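**Student:** Let me give you the structure first, and then I'll get to my questions.
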Amino acid sequence: MAVLNEEQAMLKDMAVEWVRDRMPISVVRGLYDHGGGGKPGDGVGFDRDTYAEMAAMGWTGIVVPETFGGADFGYLSLGLIVEELGRTLAPSPLLSSAFVAASALRLGGSAAQQERLLPGIAAGSLIGTLAVDEGAHHAPARITLAAARSGAGWRLDGMKRPVQDGMGADLFIVAARTAGAPGDTHGITLFLVPADSAGLDRRRLDQIDARCPALLTFEAVALDEDAVLGMVDEGYPLLEAILDRARIGVAAELLGLATQAFDTTLDYLKTRVQFGQIIGSFQALQHRASEMFGELQLTRSAVEAALDALDAGDANVAQLASLAKAIAGETAHLISNQMVQLHGGIGMTHEHDAGLYLKRARVAEQCYGGASFHRERWGRLNGY
Amino acid sequence: MDDQDFRLEARSWLRENFPPALTNVSGLIFQGNAHAAAASADFQLWRQRMTDKGWGVPTWAPRYGGAGLSEAQAKIIGEELAAIGGFNPIRSYGTMMLGPTLLEYGNEEQKLEHLPWIASHERRWCQGFSEPGAGSDLASLQTKCVDMGDHWLVNGQKIWTSGADQADWCFALVRTDTSRKQGGISFLLIDMKSPGIEARPIVLISGSTHFCEVFFNDVKVPKGNLVGEVNGGWSIAKRLLQFERSSLSEVKTDITPLAPLAHRYVGSDAEGRIADPDLRARMVHNAMRHAAYMATVRRFTQEAKNGGPNNGVSTLKNLWSTIIQRRSELVIEILGAHGLGWAGEDYSPDEREASRALLHSKAFSIYGGSYEVQNNITAKRSLGLPDR
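Listed below in structure tokens is the structure:
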């Protein structure tokens, strides 16, 4: 656990208490039907009223500057909350909007764009999210969604999937291709696209974690010139900087997920009796638990170092983001598997929470790049 | 004096007094080899200057040979020393293990008798803990220590005693009561020049003769050399092993990245990546785990400073040993057939060093409490899992 200042410690205590009272694991379970998958219908994967409660506590404005109604309280502080939410797999757009969309506007927004959008994000009344992926794998340089000049503005055609929290979002930050071929980092431009734009359609993806991200289709979506976030054709460095914040945010969620999955499993090892003994007294299981504990230590260090680097404005954010995302993904993968294994038969049932952790872990592992993507990236950044 | 002023003072003193000829020389050479230390005039000069200054053990009280400085000031000395490619000539088993233990458990007479000699690195210590029948199960040790009225009489055998053939003194665990296991152990300081002691070096798979067997045959030890209570040695030993584990895991953290070596020996592909993709992927994985390990060392240090729980030493040691052992294997894989030399001019010194280092690295998960014992400790202390 990072060394916190007094305000951060208070914030963390508040988050622990609120998550326990308002976002217990039963909330995410409520998104599932009894067959082990997401409930059919038109749910958006989170509850807007609960999000308003989070906004009322100031959480949605933690990385927003004070001039735009935020607290400018830093990424480590926001990361603490995301981690706590990760413990109970709390379904909320806090990461997509208050972490990622807020970062996008901070990093790339013009004064007018910031003034127009950041106060809403900070107040929780506006939910933004990043729309980057299109295919089976996270590959931001391979974007194909086409944006072409059209009169005084732009016209967008193509599709995006999966878009996190996309069914309930009001604003999409869309990475589009304005020049070059898939694979070129030149020719990528970011656009701010209101969810109610004509020609933009969204559809629920029925995903294993019941969080139903969106599949967006763009058919001649017309945008004004001031919809461009950052520079035309040269949006890739900005996209990478936004993605690094998103990756660090998901890594913080995975840290919380893995920590709780471990704690729950450890409790089981201390209570389950077989062969007349508490199974946690068996050395084979003790050593497995000790090794998982070690992996959790590496993960916490990597995640906190990355959050710290964002607050300190370090130049090596990209490396630390890939380190945090890769290790957090691997650890959550390992521990969610072991959570099922060590619970045995009961861990295979939908009634038990182990499956919920396993499903969310697999989704978050892939989100904004899996471990192999980030190991490759880290390797390139370090001359391997 | 505030820390910034102290830093400037330390910087200028170290620059004036550290012999330039020793720049970037590994202090371990002199630590492990008394003959090399005695033969080097530069080392002796440096040792004497640091002794006079008390900066080899900066936090110890001046009456024990230290400088009475704060932890923060000691850290500054270490940083400034590292910045000029220097090393602490006083660092030894005495400063890292016995000294801190004596400060907690020794009586004033024992502290005055031993600490100043440790602070000047004129008395070299070895650790007489393990025995042929007491490795991981250290508390089953059998070296007998009998109260003869005016002295203790010691009989038995120790093994894996680092540098015993060059040590002046030995801190040993001995059995003073055969009816209880942990409760029958005492902590004894033994002069290696005592009649009846023989130290024999052991040849390891790496060719190293660093470890010894030590035989005790009717060795007489003065009554005042027992630290703490009779039969109270086990808790002292556990504390000392904590000092050992923390010095093992925290000190050996610096490594050079392997990427340049791999580009040289394995080659690069058209995109400038290491040519063997499978080897490259495993190298990256290992290097990332090392980066996360370093972040963990920093985090634990920070947390301990702020009074957080300090129960992560066993976890840290296991992470370190597995990461570094895998790295040693990767070095050999990178060097290929050139990494398999034992001796001779057909292999470069670095290549020969790499094969020895691989063999040596196998000890990392054995010494200072094996990988398995560390996992037992983590399970019980950090995770609260029950005994059988």
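Chains as they are written, first to last, in my numbering: chain A, 1021 to 1404; chain B, 3 to 390.
Positions of the beta carbon are idealized from the N, C-alpha and C atoms, including for glycine.
None of these values were measured; they are calculated from a predicted model.
1) Identify whether E252/B lies in helix, strand or coil by the three-state DSSP scheme.
2) Runs of 3 residues minimum, wholly inside the stretch 207-284 of chain B: which ones carry the beta strand (DSSP E) assignment?
3) Closer than 7 Å by beta-carbon distance: list the chain A residues that pair up with R275/B, in chain order.
4) Alpha carbon to alpha carbon, how far is D4/B from G70/B?
5) Along chain A, which residues have their Cβ under 7 Å away from the Cβ of H287/B?
6) Tell me whether A381/B is buried or exposed, calling it buried when 16 or more other Cβ atoms sit within 10 Å of its Cβ.
7) Does chain B have any CB closer than 8 Å to the CB of V1023/A?
8) Can you tell which of N308/B, E73/B, G80/B and Q6/B has the C-alpha that lies nearest to the C-alpha of F20/B?
9) Residues in the same chain with beta-carbon distance under 8 Å from Y1071/A, minus the five sequence neighbours each way, listed in chain order, please.
10) So with Cβ pairs under 8 Å, would you call Q1317/A a contact of chain B?
11) Using a C-beta to C-beta distance shorter than 9 Å, which residues of chain A count as neighbours of E305/B?
12) K1032/A CB to nearest chain B CB: under 8 Å?
13) If you draw a straight line from the alpha carbon of P1363/A to that of A1348/A, how long is it in whole angstroms?
14) Between S164/B, G101/B, I86/B and H116/B, which lies nearest to F213/B when the distance is taken from Cα to Cα?
15) Taking 6 Å as the limit between beta carbons, can you name the residues of its chain near A39/B, skipping five residues before and five after?
16) Buried or exposed: where does G186/B fall if 16 or more other Cβ atoms within 10 Å of its Cβ makes it buried?
17) So, using beta-carbon positions, are E1273/A and G1106/A closer together than 8 Å?
18) Cβ of G1390/A within 8 Å of Cβ of V286/B?
19) Name the chain B residues that come within less than 9 Å of S1310/A, Cβ to Cβ?
20) Kindly indicate if chain B contains any beta-carbon less than 8 Å away from that of Y1288/A.
21) Against chain B, does A1325/A count as a neighbour if the rule is that its beta carbon must be under 8 Å from one of theirs?
22) Going by DSSP, which residues form a beta bridge with P203/B?
23) Tell me the rounded alpha-carbon separation between H1206/A and R1265/A.
24) Is the beta carbon of G58/B less than 8 Å from the beta carbon of A121/B?
25) Which residues, taken in chain order from the stretch 1289-1304 of chain A, show a beta carbon closer than 9 Å to some beta carbon of chain B?
26) According to the neighbour-count rule (16 or more other Cβ atoms, all chains shown, within 10 Å of its Cβ), is G226/B buried or exposed?
27) Applying the criterion that 16 or more other CB atoms from any shown protein chain within 10 Å of the CB defines a buried residue, is M1030/A buried or exposed?
28) Looking at the C-beta of T298/B, does it have a partner C-beta in chain A at a distance below 8 Å?
29) At a CB distance below 9 Å, what residues from the stretch 1202-1214 of chain A approach chain D? Give them in sequence order.
30) May I ask you to report which of helix, strand or coil DSSP gives R1414/A?
31) Taking all protein chains shown into account, do 16 or more other C-beta atoms lie within 10 angstroms of the C-beta of G1219/A, making it buried, or fewer, making it exposed?
32) Can you check which of these residues, F1088/A, A1022/A and L1100/A, is closest to E1126/A by C-alpha distance?
33) Just how far apart, CA to CA, sit N288/B and N157/B?
34) Quick check on the burial criterion: 16 or more other C-beta atoms within 10 angstroms. Buried or exposed for S251/B?
35) Are the Cβ atoms of W154/B and V205/B separated by less than 8 Å?
36) With 16 as the cutoff for other CB atoms within 10 Å, does K1345/A come out buried or exposed?
**Tutor:** Taking the structure as given:
1) Note that E252/B scores a pLDDT of 48, beneath 50, so its modelled location is shaky and nothing firm can be said.
2) 213-224
3) Y1404
4) 15 Å
5) R1395
6) buried
7) yes
8) G80/B
9) T1080, S1112, P1113, L1114, G1144 and I1147
10) yes
11) M1021, A1022 and V1023
12) no
13) Here residue 1363/A is His; the residue named in the question, Pro, does not match the sequence. Each residue's alpha carbon lies about 22 Å from the other.
14) S164/B
15) F32 and F45
16) buried
17) yes
18) no
19) S316, T317, N320, Q376, N377, N378, I379, T380, A381, S384, L385 and L387
20) no
21) yes
22) C214/B
23) 21 Å
24) yes
25) L1289, K1290, Q1297, I1298, G1300, S1301, F1302 and Q1303
26) exposed
27) exposed
28) yes
29) No chain D appears in this structure, whose protein chains are A and B.
30) The requested residue 1414/A is not part of the displayed model; chain A covers only 1021 to 1404.
31) exposed
32) A small correction: the amino acid at residue 1126/A is Arg; Glu does not occupy that position in the sequence shown. It is F1088/A.
33) 46 Å
34) Here S251/B scores only 49 on pLDDT, less than 50, and its place in the model should not be relied on; the value that follows carries that caveat. Its Cβ being crowded by 16 or more others within 10 Å, S251/B is buried.
35) no
36) buried
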